[in-house]
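**Student:** First to last, the sequence lines map onto chains A and B. So that you can map any letter, position 71 of the first sequence is 71 in this note's numbering, and since no number is skipped, the others follow by simple counting. Just so we're on the same page, this note's numbering is the position in the second sequence counted from 1, plus 108. Okay, handing you the structure first.
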Amino acid sequence: MIVVWTPVCRFTDLLAERGVAALVGDAQVAVFRLHDDGLRAIGNRDPVSGAHVLSRGVVGTRGDRPVVASPMHKQAYDLDTGECLDADARVPVFPIRVRGGVVEVGTA
Amino acid sequence: MRLVVVGNGMVGQRLIEALAARDTEGRWSVTVLAEEHRRAYDRVRLSAYFEGATAEELTLAPAGVPSGTDIRLGEPALSVDRAARVVRTAAGAYPYDALVLATGSFPFVPPVPGRDARGCFVYRTLDDLEALRSYASGRSSGIVVGGGLLGLEAANALRLLGLRTSVVEFAPHLMPMQLDAAGGAMLRRRISELGIAVHTGTAVTALATDGERLRVDTAGDLALDTDLVVFAAGVRPRDDLARAAGLAVAERGGILVDDALRTSDPAVYAVGECAAVEGRCYGLVAPGYAMADVVVDRLLGGTACFGGADTSTKLKLLGVDVASFGQTAGALDVVYADPANGLYAKLALTDDAGTLLGGILVGDATAYGTLRAAVGGPVPGKLADFLSAGAPDVALPGHAQVCSCNNVTKDAVLAAIGDGCGDVPAVKACTRAGTTCGSCVPLLKSLLAEAGVAQSTALCEHFAYSRQELFDLVRVRGIRTFSALVSGYGRGRGCDICKPTVASILASLGNGHVLDGEQAALQDTNDHFLANIQRDGTYSVVPRIPGGEITPERLIVIGEVARDFGLYTKITGGQRIDLLGARVEQLPDIWRRLVAAGFESGHAYGKALRTVKSCVGSTWCRYGVQDSVGLAVALELRYRGLRAPHKIKSAVSGCARECAEARSKDFGIIATEQGWNLYVGGNGGFRPRHADLFLSDVDTDTLVRTVDRFLMYYIRTADRLQRTAAWIESLDGGLDHLRAVIVDDSLGLCADLDEAMARHVASHTDEWRDVLEDPVKLRRFVSFVNAPSTPDPSISFGSERGQPVPLGMPS
């Protein structure tokens, strides 16, 4: 499988423990910078409400898992797996990396 | 079908409320014919009227009339034509399919000569109390005939009116229906300490007028001289209407009903004090409520029966706790008496001491809830523990009745807890337990704790502290960031509960702009974008319009902005204007226009002061007595931007007509001829609640100082997302505690609270203007980090009534 990497912003554009939305091809992706400067990318669409808002949620942890809470109705999504911890739902997870200070999101 | 209810006392009111709640299909349309000119009020607490409670505060119908109910006040039923099924009043005729008689009772006045003399009163209605009050003015002494429940209530009323008070009771001791001789003696001792003279075993034989004074003669040669006499020697059922209609009545009075509360005419029911259930009348409210519930069930096709009622009583008479429950004498009575502390307790047991039959408590009734619920079973715990002050820790059986007013068992409470009721208000709402006399609330708390429901005050998995504890930690230790707080006092990296809470605490303590530095990451989306998120991911914009007052020029600017950005426009309930459908990247452009026209953030997105509504007040209104708009504007500007545990709403009305609906607000102000009345703890929403009177007739400075302290104390001590009403309810001592702290400064906090508010007022800046002037903050208002001005392609609008509305939410 070939991964196509799309640059979306500089690493320093990101706030720790907050997200931004990025357009990657046709996909809306929510990009998060964690407390330890690790990066995660999941689909931006909140499957419960249908609105593209997950990038605007509060980032934190549940147990040891990094999560974002949907700003619409507060369901938590595991940023590693895309699994919703409070409802029967799941969002896609995207590969993400930093190259030369630039954040890149991967799509297949 | 048509239901006519005759009487709007406590039981009649309970009936129409219960019917409104259960008759979800609207099968019954209800007409209530009430003799009094007021809606149902709390007759149990009548003497509170002389402690400053208003008639309005005693009302049992704060929320108004249930829909489908027509209440006709001051229109007593005159006759019932059972053949035609019509009730007649002076004003008209009311046909019925079912009729409920809830006519209550009338005061019993012993047939002694002179009982109609000037200066003689009864004690039953608010009108009786008003007559009593106006007569008592300028006089110095009063005698109550009757030393039972009602008589001692009346004695309290006379005492509160400043009269030297005596009580004359025919029986050998006080409260003969509830207490034994020793309990009555202890009560007498406590009451005498208050300066009330008690004459028991004394029959009144005659009253004689002596100029302005009255002389009360008794069988024991005692003659008492007094200004006035109140007869409170019991009540008799009002069955005259039923008698005239040919319904069967009991031998000793009362409308005869079966256990379904049906009279001798199956279309006619009787409930409350006027009903003689299988011959027996009940003079307490709890059995009346149980009867009302049975009739409602029957009206809706059910088969409920009245199975007799618990006549247990617990009350505070003249500041003394008195309780009696079950049988007050058994084969084996265990007694504890402590005259030094004015305590008396007696438990009635079966001869093997194995079963509790009932008991009496005087001076300390803490154990009442536990003991009453245990009647019929073994004494729950060590006998001796109950016979001194306080309530020991014990387990109750499941069938034990926790709330006797509403007949709720321990099992029912546990079931509600199991269904997710996590605190006392939730249990109350779900089961009705604790909603009448409130004496079982401590028991509800301990059941919640026993059930292991997180009465833990931990905020979330990241902090073992309550919001109040976190507030104090942050304030006292001078912590300025979430990271410092969570690494020092918590675990993990926080969540959508603790982060916005800490953000709010930091903001309340004045840590600069809510989007400064690390604080930005703590805010939930509304505070992060300073706008309210909507279902499609767009936001709404609400500029501040203090007091609801706006110039035509500014109104035009709002219209132009809405038009130019294609925003749906709606007037809010808080007298401002909501502009909906703004995309994230449009927000700065919208606010640039609004700020240029002099608008600032309305904080509709924040847990903060929202609006201070007002009516036009004395400036324009021919009824207004104060400048309500001026005060509302001043208050809104004073408290704007103040972050709190929950949103805060307020209103100012310029006269008692209350057009601004101030009593539905967290703090509401109503103008009086002399100044302002302050009400606190109101809200609309899921559980509407009227605010309680807190201060009367104060000047503007006193008012503002008190509101300053009220808000700051709330901010410091309330739980997360706890509105002021629930907060006041949760304070140990409620409104009295609040008054002690912020009016009498009992905790020595006031200077600190005043200073905190002064800092808030001095440091205010407009959040939106600050953002527009800060390129770093502005950079966050983009749709996509790599396509900052490309609109979210999933957002689209249709049109409804000429305005844009969200369309095509992808499923």
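Don't be surprised by glycine CBs; every beta carbon is placed ideally from N, CA and C. Only a predicted model underlies this, so the values are computations on that prediction, with no experimental measurement involved.
Between the alpha carbons of B/Ile251 and B/Gly227, how many angstroms are there, rounded?
**Tutor:** Going by the C-alpha atoms only, they are around 10 Å apart.
**Student:** Between which residues of its own chain and B/Arg718 is the CB-CB distance below 6 Å, once the five residues before and five after are set aside?
**Tutor:** Excluding residues within five positions, the ones whose Cβ falls inside 6 Å are Gly682, Lys755, Lys757.
**Student:** Using a Cβ cut-off of 7 Å (strictly closer), state whether B/Phe892 contacts chain A.
**Tutor:** So yes, B/Phe892 belongs to the interface.
**Student:** Would you list, in sequence order, the uninterrupted beta strand (DSSP E) runs of no fewer than 3 residues that lie entirely inside the stretch 212 to 259 of chain B?
**Tutor:** Entirely contained in the stretch 212 to 259 of chain B, the beta strand (DSSP E) runs reaching 3 residues are, in chain order, 213 to 215, 228 to 230, 249 to 253.
**Student:** Using a Cβ cut-off of 7 Å, which residues of the stretch 8 to 23 of chain A contact any Cβ in chain B, in chain order?
**Tutor:** Result list: Val8, Cys9, Asp13, Leu15, Ala16, Glu17, Arg18, Val20, Ala21, Ala22, Leu23.
**Student:** Within 10 angstroms of the Cβ of B/Phe339, are there 16 or more other Cβ atoms? Answer buried if so, exposed if not.
**Tutor:** B/Phe339 should be labelled buried.
**Student:** Since B/Gly710 and B/Val650 should fall inside the 8 Å C-beta cutoff, what is the C-beta to C-beta distance between them, to a whole number of angstroms?
**Tutor:** The pair is a contact, with the Cβ atoms about 4 Å apart (cut-off 8 Å).
**Student:** In terms of residue numbering, what span does the alpha helix (DSSP H) encompassing B/Thr832 cover?
**Tutor:** Where B/Thr832 is concerned, the enclosing alpha helix (DSSP H) stretches over 832 to 838.
**Student:** What in chain A is Cβ-close to B/Asp878, meaning under 8 Å?
**Tutor:** Here the premise fails: no neighbours, minimum Cβ distance about 17 Å.
**Student:** Taking the alpha carbon of B/Tyr821 as the point to measure from, which residue in B/Gly212, B/Leu861, B/Phe802, B/Gly792 has its own alpha carbon closest?
**Tutor:** Checking every option, the nearest Cα to that of B/Tyr821 belongs to B/Leu861.
**Student:** Please list the terminal residues of the continuous alpha helix (DSSP H) segment that includes B/Trp876.
**Tutor:** 875 to 880 is the span of the alpha helix (DSSP H), which, as asked, contains B/Trp876.
**Student:** Go ahead and label B/Thr436 buried or exposed: buried means 16 or more other beta carbons lie within 10 angstroms of its beta carbon, across all protein chains shown.
**Tutor:** Answer is buried; the Cβ neighbour count reaches 16.
**Student:** Following the continuous alpha helix (DSSP H) through B/Gln121, name the residue where it begins and the one where it ends.
**Tutor:** Residues 118 to 130.
**Student:** Just the Cα atoms here: how many angstroms apart are A/Val4 and A/Ala108?
**Tutor:** Whole-angstrom Cα-Cα distance: 6 Å.
**Student:** Who are B/Lys721's beta bridge partners in DSSP?
**Tutor:** Its beta-bridge partners are B/Ala759.
**Student:** Please work out which residues of its chain come closer than 6 Å, Cβ to Cβ, to A/Gly57, disregarding the five sequence neighbours upstream and downstream, and give them in chain order.
**Tutor:** So the list reads Val68, Ala69, Ser70, Pro71, once near-sequence residues are dropped.
**Student:** Compute the Euclidean distance between the alpha carbons of B/Glu558 and B/Leu455, then round it to the nearest angstrom.
**Tutor:** Distance between the alpha carbons of B/Glu558 and B/Leu455 is about 26 Å.
**Student:** Please list, in chain order, the residues of the stretch 616 to 644 of chain B that have any C-beta partner in chain A closer than 9 Å.
**Tutor:** Correct list: Glu626, Ala628, Ala629, Leu630, Gln631, Asp632, Thr633, Asn634, His636, Phe637, Ile641, Gln642, Arg643, Asp644.
**Student:** Closer than 7 Å by C-beta to B/Gly291: which residues in its own chain qualify, once you throw out the five before and the five after it? Chain order, please.
**Tutor:** Cβ neighbours of B/Gly291 beyond the five flanking positions: Tyr452, Lys454, Ile468, Val470.
**Student:** Give me the DSSP bridge partner(s) of B/Tyr390.
**Tutor:** For B/Tyr390, which the question treats as bridged, DSSP gives no partner whatsoever.
**Student:** Which same chain residues end up closer than 6 Å to B/Ala305 when comparing Cβ atoms and leaving out the 5 residues on each side of it in sequence?
**Tutor:** Correct list, in chain order: Ser274.
**Student:** Distance check for B/Glu133 and B/Val404, CA to CA, integer angstroms please.
**Tutor:** Each residue's Cα considered, the two are about 14 Å apart.
**Student:** At which residues does the beta strand (DSSP E) containing B/Ser804 begin and terminate?
**Tutor:** Residues 800 to 806.
**Student:** Quick check on B/Asn634: does DSSP put it in helix, strand or coil?
**Tutor:** Three-state result, B/Asn634: helix.
**Student:** Could you check whether B/Val276 and B/Val217 sit closer than 7 Å to each other, using their CB atoms as the reference points?
**Tutor:** No. Outside cutoff.
**Student:** Can the beta-carbon of B/Thr197 be found closer than 7 Å to that of B/Gln576?
**Tutor:** No. Outside cutoff.
**Student:** Provide the residue(s) that pair with B/Asn791 in DSSP beta bridges, ordered along the chain.
**Tutor:** In DSSP, B/Asn791 forms a bridge with B/Arg797.
**Student:** Could you please give the first and the last residue of the uninterrupted alpha helix (DSSP H) stretch that includes B/Glu301?
**Tutor:** It spans 289 to 301 - the alpha helix (DSSP H) in which B/Glu301 sits, taken as one unbroken run.
**Student:** With burial defined as no fewer than 16 other Cβ atoms inside 10 Å of the residue's Cβ, what is the status of B/Phe400: buried or exposed?
**Tutor:** The residue asked about is misnamed: residue 400 of chain B is Ala in this sequence, not Phe. Buried: at least 16 other Cβ atoms inside 10 Å.
**Student:** Identify which residue in B/Val720, B/Leu801, B/Leu630, B/Glu766 has its Cα closest to the Cα of A/Gly60.
**Tutor:** Selected option, being the one with the closest Cα: B/Leu630.
**Student:** List, in chain order, every chain A residue whose beta-carbon is nearer than 7 Å to that of B/Arg691.
**Tutor:** Under the 7 Å cutoff, chain A gives no residues; its nearest Cβ is about 11 Å from B/Arg691.
**Student:** Bridge partners for B/Lys678 per DSSP, in chain order?
**Tutor:** According to DSSP, which records beta bridges pairwise, B/Lys678 is partnered with B/Asp686.
**Student:** B/Phe794: buried (16+ other C-beta within 10 angstroms of its C-beta) or exposed?
**Tutor:** Result: exposed.
**Student:** With a cut-off of 8 Å, do at least 3 Cβ pairs link the stretch 235 to 254 of chain B to the stretch 336 to 356 of chain B?
**Tutor:** In short, these stretches touch, since the Cβ pair count reaches three.
**Student:** Roughly how many angstroms lie between the CA atoms of B/Arg223 and B/Leu426, to the nearest whole one?
**Tutor:** Straight-line Cα distance between these residues: approximately 26 Å.
**Student:** So, does the CB of A/Thr61 fall closer than 7 Å to a CB anywhere in chain B?
**Tutor:** Judged by the 7 Å Cβ criterion, A/Thr61 is in contact with chain B.
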